[in-house]
Amino acid sequence: MILTVLAGSANVPLADAIAAELGVTPRRRVAQRFADTELHVVIEETVRGHDVYLIQPTSPPVDEHVVELLFLADACRRAGAARLTAVTPYFGYARQDRRAAGREPIGARVVAELIEAAGFDRVIAIDLHTPAIEGFFHLPLEHLSATSILAEAVRPVITSNTIVVAPDMGAAKLAERYQALLNVPMVVLRKARLSGHEVAVRGVMGDSVRERAPLIVDDMITTGATIEAAVNGLLAAGCLREITVVATHALFVGPALERLRALPIRRMTTTNSVAVASALPFPLQIVSVAPIIAERIARLTTRAGG
Numbered sequence: 000m001i002l003t004v005l006a007g008s009a010n011v012p013l014a015d016a017i018a019a020e021l022g023v024t025p026r027r028r029v030a031q032r033f034a035d036t037e038l039h040v041v042i043e044e045t046v047r048g049h050d051v052y053l054i055q056p057t058s059p060p061v062d063e064h065v066v067e068l069l070f071l072a073d074a075c076r077r078a079g080a081a082r083l084t085a086v087t088p089y090f091g092y093a094r095q096d097r098r099a100a101g102r103e104p105i106g107a108r109v110v111a112e113l114i115e116a117a118g119f120d121r122v123i124a125i126d127l128h129t130p131a132i133e134g135f136f137h138l139p140l141e142h143l144s145a146t147s148i149l150a151e152a153v154r155p156v157i158t159s160n161t162i163v164v165a166p167d168m169g170a171a172k173l174a175e176r177y178q179a180l181l182n183v184p185m186v187v188l189r190k191a192r193l194s195g196h197e198v199a200v201r202g203v204m205g206d207s208v209r210e211r212a213p214l215i216v217d218d219m220i221t222t223g224a225t226i227e228a229a230v231n232g233l234l235a236a237g238c239l240r241e242i243t244v245v246a247t248h249a250l251f252v253g254p255a256l257e258r259l260r261a262l263p264i265r266r267m268t269t270t271n272s273v274a275v276a277s278a279l280p281f282p283l284q285i286v287s288v289a290p291i292i293a294e295r296i297a298r299l300t301t302r303a304g305g
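Under numbering that gives the first Met the number 0, the sequence shown is numbered contiguously, ending at residue 305.
Here you go:
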């Protein structure tokens with residue numbers, strides 16, 4: 000089968016970088032909206048009999064990017080694609096993996112079922128918010144992690160004073176992986192969510208952070224509320240003002256930029272799993288996930304006899 004990369008509109012530069020790693024040229028497609036906001040997509044080159052990889056993180060606006068992914072999949076199937084893989088480096092609705100109040104949907108499960116119904120054969124994702132999402136799919140899911148490449152990116156600034164910080168219990172397993180890679184101590188913060196946009200730190204679990212340089216790690220930054228609470232809690236506990244933040248997915252929605260700009264963060268490192276604005280009010284190091292995605296695509300294509 001012919002290996003084909005097709006980009007949705009969510010992160011075209013990442014798709015181009017993946018295609019370059021694989022030594023192929025992305026197939027052309029058109030995505031436009033009618034006056035009533037309906038989406039219309041057209042694939043401009045043949046994909047008949049091809050092994051197609053659709054690159055489309057379901058980042059904000061999440062619903063629009065999910066529907067575009069589904070439409071592109073249907074277009075590929077109707078055009079005769081032999082095999083179809085959804086490459087969603089960032090998987091939207093991942094935090095809706097359970098019911099908290101009772102009369103609410105499990106959003107992640109709904110999106111997983113939509114992807115299956117669209118005719119995909121496989122999904123590739125990076126650092127899902129919770130491993131439970133893998134169980135929502137009845138098709139194979141390749142769950143990659145950017146932890147290793149992010150740890151290598153921050154290794155030059157690691158000192159004897161560095162301490163890895165999980166901003167809440169949900170990030171504890173992730174922090175343990177950074178701890179093992181960087182060989183530094185680790186603490187977990189006890190977080191209390193005050194509202195959908197506000198959180199507070201109630202305490203520090205583990206070693207003291209006094210006179211330590213925190214390395215705060217998380218899978219994603221959305222409104223910045225968790226990072227803001229973590230930084231303020233660490234400063235109150237006597238940490239050094241040498242604060243580094245590392246996250247796989249940088250969404251920066253709502254008040255995130257204003258919140259982060261006001262904090263004494265010296266370094267911030269993330270990936271290009273979602274498209275990040277070029278002009279930001281603070282220095283940002285971006286590590287490309289194109290090589291790890293391309294490497295997995297190459298393996299899958301070889302395994303399938305492509």
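Where is the CB? At the ideal position from N, CA and C, for every residue including glycine.
For the region 31-96, the continuous beta strand (DSSP E) assignments of 3+ residues that do not extend past its boundaries occur at 38-42, 49-54 and 82-87, in sequence order.
Ranked by Cα distance from Leu68, the options Leu2, Phe119 and Arg77 are led by Phe119.
Per the C-alpha coordinates, the member of Thr84, Val65, Met267 and Ala100 positioned closest to Ala93 is Val65. In the three-state reduction of the DSSP assignment, Ile162 falls in the strand class. The region 230-259 is shown to contain no whole alpha helix (DSSP H) run of 4 or more residues. According to the DSSP assignment, Thr270 belongs to the beta strand (DSSP E) that extends over Ile264 to Thr270. In its chain, beyond the 5 residues on either side, His39 have a beta carbon closer than 7 angstroms to the beta carbon of Gln31. A Cβ-Cβ separation of about 19 angstroms leaves Ser277 out of contact with Thr247 under the 8 angstroms criterion.
When C-beta atoms of the region 222-241 are compared with those of the region 135-155, fewer than three pairs fall below 8 angstroms, so the two segments do not count as touching. Where Pro12 is concerned, the enclosing alpha helix (DSSP H) starts and stops at Val11 to Leu21. Around the beta carbon of Asp62, fewer than 16 other beta carbons sit within 10 angstroms, so the residue counts as exposed. A residue is called buried when at least 16 other Cβ atoms come within 10 angstroms of its Cβ; Gly91 meets this threshold and is buried. Under a 10 Å Cβ-count criterion, Pro282 is classified as exposed, with fewer than 16 other Cβ atoms of the shown protein chains found around its own Cβ. For Ala174, the enclosing alpha helix (DSSP H) covers residues Ala171 to Leu181. Rounded to the nearest angstrom, the Cβ distance from Ile215 to Ala229 is 5 angstroms, consistent with a contact under 8 angstroms. If you check the CB distance, Pro59 and Leu250 come in under 8 angstroms.
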